[in-house]
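In case it helps, the numbering used here puts the sequence shown at residues 1156 to 1310. The structure appears below as structure tokens.
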Amino acid sequence: MDADQMTPDSPQFNPELTKDRWVACFDLLGIRSLVNNGNLFQVFCAYADAQKEAKPKRLGQVRVFWFSDSFFFYTGDSSKSHFWVLESVSRWFCHFLVLKQIPVRGAISYGAMYADPVHSLFFGQPLIEAYDYAEAQNWIGFILTRSEEHTSELQ
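In structure tokens:
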């Protein structure tokens, strides 16, 4: 964006919003088929259930955003305790969706990510990696990606 296009409400890059974080991506399965078959009410119900379970008040140290049939959870920092909170939230999210008969697959990744929830700006390698790994899974559940070099410290 050029300086002459900036307004007082325009987002400004803030390097302090780039941090090493834990990031999880979850893909609700079967949504494309439901949309293509005209089952929009079922799509709505699946989204409503997932969004209800992903509300920030339920997450504590974990934040969430979503787009289409992908839900993203992320932590405020790279601490071991935040990993375990994200892992617990991820486990609950998958469990809840499967109980509601909404198949889901996902991945947890780690690395530097820019997160500006006020302006809905999120980007970084762990976001891309978690998304790619989630999309590549052929089963229901979630995995920890290979990018995370601290896995031995988590035990």
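A virtual CB, placed ideally from N, CA and C, is assigned to each residue, including glycine. Predicted model, so just to flag it, every value in this text is computed and none were measured.
* **Range of the contiguous alpha helix (DSSP H) that encloses phenylalanine 1196** => Counted from its first residue, the sequence shown places residue 1196 at position 41. Residues 1195–1208.
* Asked: Which two residues bound the contiguous alpha helix (DSSP H) that contains lysine 1235?
  -> Here the question's residue 1235 lines up with position 80 in the sequence shown. It spans 1235–1254 - the alpha helix (DSSP H) in which lysine 1235 sits, taken as one unbroken run.
* To do: Kindly give me the distance between the Cβ atoms of phenylalanine 1181 and valine 1259, rounded to whole angstroms, as I take these residues to be in contact under 8 Å.
  => In the sequence shown, the residue the question calls residue 1181 occupies position 26. In the sequence shown, the residue the question calls residue 1259 occupies position 104. About 5 Å separates the beta carbons of phenylalanine 1181 and valine 1259, which is inside the 8 Å limit, making them a contact pair.
* Asked: How many whole angstroms separate the CB atoms of tyrosine 1288 and threonine 1300, which I take to be in contact at a CB cut-off of 8 Å?
  -> Start at 1 with the first residue of the sequence shown, and residue 1288 comes out as number 133. Start at 1 with the first residue of the sequence shown, and residue 1300 comes out as number 145. Going by Cβ atoms, the distance from tyrosine 1288 to threonine 1300 rounds to 5 Å, so yes, they are a contact pair.
* **Local Cβ density within 10 Å of glutamate 1290, reported as buried at 16 or more and exposed below that** => Here the question's residue 1290 lines up with position 135 in the sequence shown. In this structure glutamate 1290 is exposed. Its beta-carbon is surrounded by fewer than 16 other beta-carbon atoms within 10 angstroms.
* If alanine 1179 and phenylalanine 1228 are in contact, beta carbons under 8 Å, what's the gap, nearest whole angstrom? -> On the sequence shown, residue 1179 is found 24 positions in, with the first residue counted as 1. On the sequence shown, residue 1228 is found 73 positions in, with the first residue counted as 1. Contact between alanine 1179 and phenylalanine 1228 is confirmed by a C-beta separation of about 4 Å, below the 8 Å threshold.
* Would you mind working out which of Leu1184, Lys1174, Asp1175 sits nearest lysine 1312, comparing C-alpha positions? => This structure does not reach residue 1312, given that the chain is present from 1156 up to 1310, and the question cannot be answered.
* Mind checking which residues open and close the beta strand (DSSP E) that includes aspartate 1271? => Taking the sequence shown and counting its residues from 1, the one referred to as residue 1271 is at position 116. Note, aspartate 1271: beta strand (DSSP E), 1259–1271.
* Based on the DSSP output, what are the partners of tryptophan 1177 in its beta bridges? -> Walking along the sequence shown from the start, residue 1177 turns up at place 22. Beta-bridge pairing links tryptophan 1177 to Tyr1265.
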